[in-house]
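**Q** When the letters of the sequence shown are read in order and numbered with our numbering, they come out as residues 476 to 751.
Where a beta carbon is used, it is the ideal one built from N, C-alpha and C, also for glycine.
Since we're looking at a predicted model, the values are computed, not measured.
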Amino acid sequence: MIVVLLWAPYHPQPDNDHSPAVIVQPLPPDLARWPTSKVVAVSRDDGRLVADIRAALRAAADPIKAGPMQAYMKSEMPFLGVQKPTRARALRPALQANLLGCRTDWEAAIRELWDDAAYREERYAATDVAQARAYTEWSRDPASLPLYDHLIVTGAWWDHVDDIAIRLVGRVLRHDPVATAPLIRAWSRDSDRWRRRTSVICQIGSGEEIDVELLRECVLANIDDPDFFLRKGIGWALRQHAKLDPAWVRTFVSIHHDQLSPLSRREALKNIFTGA
């Protein structure tokens, strides 16, 4: 079903059997900023969006690139060979032509692309849908955290987890820290290493909005872990915060020097002049 949304002046059609069915409903807040002369078709059927995305990815496939991409990512799931810039161009028409009218359809489209993916690019497309500007209100709502948790745990590799942690979980945390911070703290001590990595790196890119105490707690919860991805994530998160407050990072590394792995220390101090 397609709902045609008019937010140019609307004049009701005569009440007869031949008049078109036009339904006017509130727009997602982000769409309300679009020019008022536009007429946009918003689909209530997430299936059309998913089908168009899959078709666009297959049309852009490059078998020559697919093998090396799969090998680099050490992925059991095959690739189509669609690199990120090409994917963005290929998906733009599908995303623009199939704007989803409710949160339920948005989540359903993400889950279908993710759970039923035959190629890794379909999972990348799922997170593209999640991050699309038109759906900002839904993507930053704490109600989306169970969805992101599902993607993190089932994705279970750095390419998926890092994107979801920074661009989606971090977005929710900045928007509603009171509701979100307790879950991030719980993830920092979870048995799943990808939830733990998410807790450490999710504030990358937060700038002045960073919760430094939360960062400290999440790093300390994982500081002794021998896992490479946690050690690398700790160093990365500290290095990014050093752009804002190098003195804090230098002091933290000095205090916890013997607990931090050499990899974490090296990454944390990479861009700080230490005088050494």
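1. What residue range does the alpha helix (DSSP H) around Asn697 cover?
2. I need the DSSP call for Leu738, collapsed to helix, strand or coil.
3. Check whether the segment 556-568 and the segment 634-653 touch, using three or more Cβ-Cβ pairs below 8 Å as the test.
4. Is it buried or exposed, Val497, if we count other Cβ atoms within 10 angstroms and call 16 or more buried?
5. For Arg646, which residues of its own chain have a beta-carbon under 7 Å away from its beta-carbon, when the five flanking residues on both sides are left out?
6. Three Cβ pairs or more, each shorter than 8 Å: is that satisfied between the segment 688-705 and the segment 656-672?
7. From Ala534 to Thr726, what distance separates their C-alpha atoms?
8. Would you check if the distance between the CB atom of Ile641 and the CB atom of Cys677 is smaller than 8 Å?
9. Please go through the same chain and pick out, in chain order, the residues whose beta-carbon is closer than 8 Å to the beta-carbon of Asp603, but skip the five residues on each side of it.
10. Name the two residues that bound the continuous alpha helix (DSSP H) containing Lys760.
11. Could you pull out every unbroken beta strand (DSSP E) segment of at least 3 residues lying fully inside the segment 554-633, listed in chain order?
12. Give me, in chain order, the residues of the same chain whose beta-carbon lies closer than 8 Å to that of Val628; leave out the 5 immediate sequence neighbours on both sides.
13. Which residue's Cα is closest to the Cα of Ala601: Ser674, Gly630 and Cys577?
14. Do you know how far the Cα of Arg598 is from the Cα of Arg664?
15. Looking only at its own chain, which residues have a Cβ that is under 8 Å from the Cβ of Pro553, when we skip the five neighbours before and after it?
16. Quick one: give me the first and last residue of the alpha helix (DSSP H) that Gln545 is part of.
17. Do Leu738 and Val724 have their C-beta atoms within less than 8 Å of each other?
18. Whole angstroms is fine: what's the gap from Ala507's alpha carbon to His650's?
19. Report yes if the CB atom of Pro617 is closer than 8 Å to the CB atom of Ala656, and no otherwise.
20. Just the C-alpha distance for Pro538 and Lys549, rounded to the nearest angstrom, thanks.
21. In whole angstroms, give me the CA-to-CA distance for Val515 and Asp590.
22. Quick check on the DSSP output: the alpha helix (DSSP H) that includes Val647 runs from which residue to which?
23. According to the neighbour-count rule (16 or more other Cβ atoms, all chains shown, within 10 Å of its Cβ), is Ile679 buried or exposed?
**A** This is what the structure holds:
1. Numbered from 1 along the sequence shown, position 222 holds the residue referred to as residue 697. Segment Val687 to Asn697, the alpha helix (DSSP H) holding Asn697.
2. Here residue 738 refers to the residue found at position 263 of the sequence shown. Leu738: helix per DSSP, three-state reduction.
3. Verdict: no, contact absent.
4. Counting from 1 along the sequence shown, the entry for residue 497 is found at position 22. Because Val497 carries a pLDDT of 32, less than 50, the predicted location of this residue cannot be relied on, and the following value inherits that uncertainty. With fewer than 16 other Cβ atoms within 10 Å, it is exposed.
5. As a first step, residue 646 is located in the sequence shown; it is residue number 171 there, counting from the start. Within the same chain, Arg646 has close Cβ partners Ser614 and Arg615.
6. By the Cβ criterion, the segment 688-705 is in contact with the segment 656-672, since at least three pairs of Cβ atoms, one from each stretch, lie closer than 8 Å.
7. Here residue 534 corresponds to residue number 59 of the sequence shown, with the count starting at 1. Here residue 726 corresponds to residue number 251 of the sequence shown, with the count starting at 1. Near 52 Å, if we compare the C-alpha coordinates of Thr726 and Ala534.
8. Here residue 641 is taken as the residue at index 166 of the sequence shown, counted from 1. Here residue 677 is taken as the residue at index 202 of the sequence shown, counted from 1. In this structure, Ile641 places its C-beta atom within 8 Å of the C-beta atom of Cys677.
9. What you label residue 603 is simply residue 128 of the sequence shown in a count that begins at 1. Result list for Asp603: Arg562, Ala563, Leu566 and Leu570, in chain order.
10. Nothing about residue 760 can be reported from this structure: the residues present for the chain run from 476 to 751 only.
11. Counting whole runs of 3 or more residues, the segment 554-633 contains no beta strand (DSSP E) stretch at all.
12. Stepping through the sequence shown from its first residue, residue 628 is reached at position 153. Here the set comprises Asp667, Trp669 and Arg670.
13. As a working mapping, residue 601 is identified with position 126 in the sequence shown. The residue among Ser674, Gly630 and Cys577 with its C-alpha nearest the C-alpha of Ala601 is Gly630.
14. Your numbering for residue 664 matches position 189 in the sequence shown. Your numbering for residue 598 matches position 123 in the sequence shown. Answer to the nearest angstrom: the Cα atoms are 27 Å apart.
15. One-based indexing of the sequence shown puts residue 553 at position 78. Contacts found: Ala541, Gln545, Ala593, Tyr594 and Arg595.
16. Indexing the sequence shown from 1 puts residue 545 at position 70. Counting along the chain, the alpha helix (DSSP H) containing Gln545 begins and ends at Pro538 to Met548.
17. Reading the sequence shown from its first residue, position 263 is the one you call residue 738. Reading the sequence shown from its first residue, position 249 is the one you call residue 724. No, they are not a contact pair.
18. For the purposes of this step, residue 507 is identified with residue 32 of the sequence shown, where counting begins at 1. For the purposes of this step, residue 650 is identified with residue 175 of the sequence shown, where counting begins at 1. Bear in mind that a pLDDT of 40 at Ala507, under 50, signals an unreliable position, so the number given afterwards is only what the model happens to contain. The alpha-carbon of Ala507 is positioned some 20 Å away from that of His650.
19. Here the question's residue 617 lines up with position 142 in the sequence shown. Here the question's residue 656 lines up with position 181 in the sequence shown. Ala656 is positioned such that its CB atom lies no closer than 8 Å to that of Pro617.
20. Within the sequence shown, residue 538 is the residue found at index 63, counting from 1. Within the sequence shown, residue 549 is the residue found at index 74, counting from 1. Across the structure, Pro538 and Lys549 are spaced so that their CA atoms are roughly 17 Å apart.
21. For this step, residue 515 is matched to residue 40 along the sequence shown. For this step, residue 590 is matched to residue 115 along the sequence shown. Summary for Val515: the model assigns pLDDT 39, below 50, so the residue's position carries little reliability, and this model does not support an answer.
22. Sequence index remark: in the sequence shown, residue 647 carries index 172 (1-based). First-last of the alpha helix (DSSP H) with Val647: Gly645 to His650.
23. As a first step, residue 679 is located in the sequence shown; it is residue number 204 there, counting from the start. Ile679 should be labelled buried.
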